[in-house]
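Residue numbers (UniProt numbering): 1 to 156.
By construction, the Cβ of each residue, glycine as well, lies at the ideal position given by its N, Cα and C atoms.
Notes for the one structure printed next.
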């Protein structure tokens, strides 16, 4: 398996399952209600905020993989659309799963040599570093979501 396909596989696993940690975003969020997703625990970000924050960067880098310039701002990365019902939450998740699968395919089809080229004119290292960084970032926030979910269930 070439490196692009391996990176795509690793990305898919953190979103959809099959990684050696046995934890993934889709299964973790499967039974989270919209009210839980929006519930503030202490002063931490909500599950909805963290979920949208992770996928903000997936969307931004997807555009780069499609030939567009990087257009992302850390200030905007914690914003999310209004969630006022279970339908809103489920539609948001559906969009996230679609975006994640699209991103996986873009990585999978990336010529392997491209992984070692500068990303965004070298401002952020090489493509491999950025793609792997998104995977690491997702694992990091996924761990936070798992803990938030446990707190919410324990306090219900």
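Counting along the chain, where does the alpha helix (DSSP H) carrying residue 132 start and finish? Your numbering for residue 132 matches position 132 in the chain shown. Boundaries of the alpha helix (DSSP H) harbouring residue 132: 127-154, taken from the DSSP string.
Taking all protein chains shown into account, do 16 or more other C-beta atoms lie within 10 angstroms of the C-beta of residue 2, making it buried, or fewer, making it exposed? As a first step, residue 2 must be located in the chain shown, where it is residue number 2. By the neighbour-count rule (16 or more Cβ atoms within 10 Å), residue 2 is not buried but exposed.
Is residue 118 helix, strand or coil by DSSP? Numbered from its first residue, the chain shown carries residue 118 at position 118. It is a strand residue.
I'd like to know whether the C-beta atoms of residue 116 and residue 32 end up nearer to each other than 9 angstroms. As a position in the chain shown, residue 116 is number 116, starting the count at 1. As a position in the chain shown, residue 32 is number 32, starting the count at 1. Going by C-beta atoms, residue 116 is not nearer than 9 angstroms to residue 32.
Does residue 123 get closer than 9 angstroms to chain D when you measure Cβ to Cβ? Within the model displayed, chain D is absent; a lone protein chain is all it includes.
In chain order, what residues of the same chain have a beta carbon less than 6 angstroms from the beta carbon of residue 142, not counting five sequence neighbours either side? Here residue 142 refers to the residue found at position 142 of the chain shown. Result list for residue 142: 25, in chain order.
Do you know how far the Cα of residue 45 is from the Cα of residue 85? Sequence index remark: in the chain shown, residue 85 carries index 85 (1-based). Sequence index remark: in the chain shown, residue 45 carries index 45 (1-based). Roughly 19 angstroms between the two C-alpha positions.
Looking at C-beta atoms only, is the number of pairs between the segment 101-108 and the segment 37-51 that lie closer than 8 angstroms three or more? no
Would you tell me roughly how many angstroms separate the C-alpha atoms of residue 64 and residue 70, rounded to the nearest one? To locate residue 64, count along the chain shown from 1; it is residue 64. To locate residue 70, count along the chain shown from 1; it is residue 70. Cα to Cα, residue 64 sits roughly 6 angstroms from residue 70.
Identify, in the order they occur along the chain, each residue of the same chain with its Cβ nearer than 6 angstroms to the Cβ of residue 53, setting aside the five sequence neighbours on each side. Here residue 53 refers to the residue found at position 53 when the chain shown is read from its first residue. Excluding sequence neighbours, residue 53 sits near 77 and 78.
Would you mind stating whether residue 152 and residue 51 have Cβ atoms separated by less than 9 angstroms? Counting from one through the chain shown, the residue named residue 152 turns up at place 152. Counting from one through the chain shown, the residue named residue 51 turns up at place 51. No, the Cβ-Cβ distance between residue 152 and residue 51 is not below 9 angstroms.
Anticipated Cβ contact below 8 angstroms, residue 18 with residue 27, distance rounded: In the chain shown, the residue the question calls residue 18 occupies position 18. In the chain shown, the residue the question calls residue 27 occupies position 27. With 8 angstroms as the limit, residue 18 and residue 27 do not qualify as a contact, their Cβ atoms being about 11 angstroms apart.
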